[in-house]
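Residue numbers (my numbering), protein chains in the order written: chain A, 2 to 295; chain B, 2 to 295. The next block holds one structure in the form of structure tokens; read it before the comments.
In structure tokens:
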């Protein structure tokens, strides 16, 4: 048992099948394992997923691998072999403790500059303690994302909708939120539509209906949001994908940021103004999200 | 003498002085040298510069290090120690052949996730043969950058104006150009202003005056463009920084993409329409740009 696991993965062609154990090599996370010429580090040129591992179960592996494949397609990377990644995730999971929460990160890079093949690795680390944000919520600020709502359709080379390693802006947005005394951010399009958080999806409840911004090319499709919407729909609630203007978020009954490892966290303030948080419903969301999900 | 040099650099505080040799460690570029947890590869979270090394001379080291410092400031990374980087560049240069063209890449990463310190490295590789693009020019397509002209001022968390490792979009833009049968791209703001190429600055000549888009926060200040403008001004030509609408570029007498390693390349077509290239003037630009410059 180890709390930290790092596995280098030699990416197999998408149509390869069988046992992929020979394509994995465990390394010590404190040892150098990547060349300086790898385009992941040189240009943020690759895609990734973060998968929660809760009490021995990797959550939503199928949707995460589907999104990884979609990101790879947008970035014109070779299609990842889902069977190989499933086995890699199982291999990592078998080394982790059977209780507790971990984050498993899957990275697929374009590979070494001028090299012929992509590189890949998978890491597992203990998740930070999420108790406070899950039970008390987060204060957010709204930040202009710079793009208009329809930009992805017009300019696919901007790679909106792909979860790429070019994440410096997402991290800068969180720093800006901290600078303003908040915990996190909600990106708003230049034409006033709610988009997503830097590392999360946005869900609001309005008139008893749950809504999230339409999955357009400009927004990452949230695996946790999707799982929660499936759960809510199964319970008979109404869920909607549609355009949401900032004014609607500000007037909502409740709203959440949801993501794979932190799960659901209620928004308690927006731009310094208190916002109604439904902490009881948040607890219910997280109770569901902590159950084994595929 | 080696054609490829890789030096790991242990970043010194900005105010440290003296001999930094003990902070450098040469490694083989084909060997792993970076941890998987390094934020350069995990999130494109770092900054870089590419410096031309021509016949034994590193070009424009001062302006490149000034821009690196500016990028670091925008990204809230520790200020790089210019003396240490100068020595690192000299150390690399001393190992390179005295003739020929090389690209020296300086990378400053936020460091290992949850780690306390930034990481850094510097690499040198032979430049690709630039003869064809310097003498025959490039065909470009115009691509919407998605942002309005004034976005950087409004939204500094987008890190526009910093040369970050989050470069996946720049690479995708060049792939899009190739897909359309062109060699390179010119980004245009969503409100119709010429910005820059994915890895170059844009200069045009109109009425005998040389102009480049105003160095606003949304455009990377071009070191090669600046050097060329200094040269042109010293020769008595008029150079201007100002807003340039796409229509003006399309109507210009000549236009160039300029960058550190490729140097000046004349634009010979825009969006599939032939464009007047001044190849004689381009040759003059490159003759100057290949002389030792500081």
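Where a beta carbon is used, it is the ideal one built from N, C-alpha and C, also for glycine.
- The contact set of residue 167/A on chain B, defined by CB atoms closer than 7 Å, consists of 45, 167, 168, 169, 170 in chain order.
- Pairing residue 245/A with residue 82/B, the inter-Cα distance amounts to about 46 Å.
- Chain order gives the chain A residues near residue 33/B as 33, 34, 35, 36, where near means a beta carbon separation below 7 Å.
- Secondary structure at residue 199/B: coil, using DSSP grouped into helix, strand and coil.
- Judged by DSSP secondary structure, residue 126/B falls within the beta strand (DSSP E) whose first and last residues are 120-127.
- In this structure, the straight-line span from the alpha carbon of residue 68/B to that of residue 201/B is close to 14 Å.
- Judged by DSSP secondary structure, residue 92/B falls within the alpha helix (DSSP H) whose first and last residues are 83-96.
- Counting only runs of 3+ residues, the beta strand (DSSP E) found wholly inside the segment 187-236 of chain B occupies 202-207, 210-214, in chain order.
- Within the same chain, Cβ atoms closer than 7 Å to the Cβ of residue 293/B are found at 58, the five residues on either side in sequence being excluded.
- Against chain B, the beta carbon of residue 92/A has no neighbour under 8 Å; the closest one sits roughly 15 Å away.
- Within 8 Å of the CB of residue 121/A, no CB atom of chain B is found; the nearest one sits about 10 Å away.
- CA-CA distance, residue 220/B to residue 148/B, rounds to 11 Å.
- When the five nearest sequence neighbours on each side are left out, the beta carbons in the same chain lying within less than 8 Å of the beta carbon of residue 40/B are those of 46, 47, 110, 111, 112, 113, 114, in order along the chain.
- Around the CB of residue 256/B, 16 or more other CB atoms lie within 10 Å, so the residue is classed as buried.
- In this structure, the CA atom of residue 145/B is about 14 Å from the CA atom of residue 152/B.
- Among the residues of chain A, none has a CB under 8 Å from the CB of residue 197/B; the nearest is roughly 14 Å distant.
- About 7 Å separates the beta carbon of residue 99/B from that of residue 56/B, a gap short enough to meet the 8 Å contact definition.
- Around the beta carbon of residue 61/A, 16 or more other beta carbons lie within 10 angstroms, which makes this residue buried.
- Nearest C-alpha to residue 24/A among 120/A, 225/A, 277/A: 120/A.
- Going by DSSP, residue 242/A is part of the beta strand (DSSP E) stretching over 240-243.
- Within 8 Å of the CB of residue 176/A, the CB atoms of chain B belong to 77, 158, in sequence order along the chain.
- Note: residue 259/B is bridge-paired with 202/B, 265/B in the DSSP secondary-structure output.
- At a cut-off of 8 Å between beta-carbon atoms, residue 162/A makes no contact with chain B.
- Scanning chain A for C-beta atoms nearer than 9 Å to the C-beta of residue 155/B yields 145, 147, 191, reported in chain order.
- For residue 154/A, the enclosing alpha helix (DSSP H) begins and ends at 152-155.
- Annotation: residue 79/A to residue 282/B spans about 42 Å, alpha carbon to alpha carbon.
- Counting only the Cα atoms, residue 103/A lies some 5 Å from residue 54/A.
- In this structure, residue 6/B places its C-beta atom within 8 Å of the C-beta atom of residue 125/B.
- Assigned with DSSP and collapsed to three states, residue 102/A falls in strand.
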